[in-house]
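Participant: Its first residue numbered 396, the first sequence is counted upward by one per residue in our numbering. Think of the CB as a built atom: it goes at the ideal place given N, C-alpha and C, for glycine as much as any other residue.
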Amino acid sequence: MPELPEVETSRRGIEPHILSQTITDAIIRQKKLRWPIPLSLKNNLPGNQITSVARRGKYLLLNTNTGTVIIHLGMSGSLHIINNQTPAEKHDHFEIIFANGKSLRLRDPRRFGAVLWTRKNPLTHKLIEKLGPEPLDTQFNTDYLYQSSRNKKTSIKTFIMNSHIVVGVGNIYANEALFLAGIHPKRLAGRISQARYELLVNAIKSVLTSAIQQGGTSLRDFTNQDGKPGYFKQHLNVYGKADLPCSHCGQKIKQIRQQQRSTYYCSHCQS
DNA sequence: TTAATCACCTGAGGGC
DNA sequence: TGCCCTCAGGTGATTA
């Protein structure tokens with residue numbers, strides 16, 4: 396399930412293959428993703444060159460001469476660089492074909508992803524303009540998170556997963572960061588001290604940096620652009636470890652539901 | 001205005 | 001072996 400490290404891994408993987416390449420065609424096999432893929436892409440993309448491959452939060456931005464393709468991988472999306480003669484697989488919904496014979500394919504079994512097109516600055520797109528800071532930027536710091544949390548009556552886990560507060564912290568890394576910071580996931584965001592927010596900010600930055608370095612987390616749905624899994628799963632402390640002993644104290648990891656999401660924590664190490 | 005819930009979707013895995 | 005059910009979850013829209 397792509398979170399920020401998986402999206403960044405994908406960006407780094409596809410960039411050398413498509414940067415400065417000229418698009419010859421775009422194929423929409425299944426337009427029904429989270430939002431319909433605009434059919435205008437078939438006319439808008441051919442003849443364009445990829446000028447940069449950027450990322451904002453979990454959105455990939457393929458910038459071209461005349462506009463930007465915005466891609467979100469949703470729950471199960473992945474991008475693949477392949478020879479354009481390779482037969483499409485069942486869930487290959489969208490494809491950009493390049494003059495060098497390569498293709499960029501979006502595979503997304505659950506179809507929670509999105510492919511959009513804008514001719515404006517993509518950072519002003521309605522899905523992107525209100526996003527919070529990047530977690531690895533200096534703008535995301537203790538003061539920012541502490542001040543943002545004042546008077547908030549929601550749980551800390553829900554709070555840090557809100558993309559308008561900080562982008563890219565999904566369920567896996569929210570669980571892991573709260574464990575590293577020693578904060579109980581149900582504690583109210585507005586009732587946490589600045590000192591504990593410092594621990595949390597450092598934990599978020601640490602867990603995301605490690606995951607990016609290791610190519611993301613390999614769970615059921617994620618592989619990188621080569622079809623290979625990520626390796627961060629080997630370093631998870633609590634996610635998916637219900638009833639297993641805590642790596643720090645040995646007590647059983649607990650599992651609860653928050654906001655329709657599984658939450659894992661150690662009741663001894665997190666308070 | 002804020003917080004909680006719903007809806008979208010399909011593959012994996014477990015039980016029978 | 002095959003069918004059915006539950007679970008997984010990012011995020012905008014809707015509801016309270």
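What is the C-beta distance between residue 497 and residue 479, in whole angstroms, given that I count them as a contact (C-beta under 8 Å)?
Facilitator: Sure, about 6 Å apart at Cβ, within 8 Å.
Participant: If the criterion is Cβ atoms closer than 8 Å, does the pair residue 421 and residue 440 meet it?
Facilitator: In this structure, residue 440 lies closer than 8 Å to residue 421 by Cβ.
Participant: Alpha carbon to alpha carbon, how far is residue 522 from residue 397? Give it in angstroms, no decimals.
Facilitator: Rounded to whole angstroms, residue 397 to residue 522 spans 18 Å at the Cα level.
Participant: Closer than 6 Å by C-beta to residue 490: which residues in its own chain qualify, once you throw out the five before and the five after it? Chain order, please.
Facilitator: Hits under 6 Å: 422, 498 and 500.
Participant: Where does the unbroken beta strand (DSSP E) through residue 525 begin, and where does it stop?
Facilitator: Premise fails: residue 525 is in no beta strand (DSSP E) and is neither H nor E.
Participant: Classify residue 484 as helix, strand or coil using the three-state DSSP reduction.
Facilitator: In the structure shown, residue 484 sits in coil (DSSP, three-state: anything other than H, G, I, E or B).
Participant: DSSP on residue 650, reduced to helix/strand/coil?
Facilitator: Here residue 650 sits in strand by DSSP.
Participant: From which residue to which residue does the alpha helix (DSSP H) around residue 454 run?
Facilitator: Where residue 454 is concerned, there is no enclosing alpha helix (DSSP H), although the beta strand (DSSP E) it sits in stretches over 454-459.
Participant: Do you know offhand how far residue 665's Cα is from residue 559's?
Facilitator: Those two C-alpha atoms are separated by around 25 Å.
Participant: Between residue 511 and residue 483, what straight-line distance do the alpha-carbon atoms span, to the nearest angstrom?
Facilitator: Looking at the two C-alpha atoms, the distance is approximately 21 Å.
Participant: What would DSSP say about residue 431, mapped onto helix, strand or coil?
Facilitator: Strand at residue 431.
Participant: Is the beta carbon of residue 502 less than 8 Å from the beta carbon of residue 450?
Facilitator: No. Outside cutoff.
Participant: Quick one: grab the DSSP three-state call for residue 519.
Facilitator: DSSP places residue 519 in helix when its eight states are reduced to three.
Participant: With DSSP as the reference, please indicate the residues paired to residue 490 in a beta bridge.
Facilitator: Note: residue 490 sits in a beta bridge opposite 422 and 500.
Participant: Would you call residue 538 buried or exposed, if buried means 16 or more other Cβ atoms sit within 10 Å of its Cβ?
Facilitator: Answer is exposed; the Cβ neighbour count stays below 16.
Participant: Provide the residue(s) that pair with residue 473 in DSSP beta bridges, ordered along the chain.
Facilitator: DSSP lists 502 as partners of residue 473.
Participant: Tell me, please, whether the stretch 578-585 touches the stretch 629-646 by the rule of three or more beta-carbon pairs shorter than 8 Å.
Facilitator: Contact between the stretch 578-585 and the stretch 629-646 is absent, because fewer than three Cβ pairs lie under 8 Å.
Participant: Using C-beta distances below 8 Å, list every residue in its chain close to residue 416, excluding the 5 sequence neighbours before and after it, in chain order.
Facilitator: Cβ within range, chain order: 444, 445, 493, 494, 495 and 497.
Participant: What's the gap between the Cα of residue 624 and the Cα of residue 433?
Facilitator: The pLDDT assigned to residue 624 is 46, lower than 50, so where the model puts this residue is not dependable, and the model offers no usable value.
Participant: Give the range of the beta strand (DSSP E) segment to which residue 510 is assigned.
Facilitator: Where residue 510 is concerned, the enclosing beta strand (DSSP E) stretches over 509-513.
Participant: Within 10 angstroms of the Cβ of residue 460, are there 16 or more other Cβ atoms? Answer buried if so, exposed if not.
Facilitator: Classification for residue 460: exposed.
Participant: Are there 16 or more other CB atoms within 10 angstroms of the CB of residue 570, so buried, or fewer, so exposed?
Facilitator: Flag for residue 570 reads buried.
Participant: Going by beta-carbon coordinates alone, are residue 562 and residue 556 separated by less than 8 Å?
Facilitator: No; because the gap between Cβ atoms is not below 8 Å, this pair is not in contact.
Participant: Please list the terminal residues of the continuous beta strand (DSSP E) segment that includes residue 560.
Facilitator: No beta strand (DSSP E) contains residue 560, which DSSP labels as neither H nor E.
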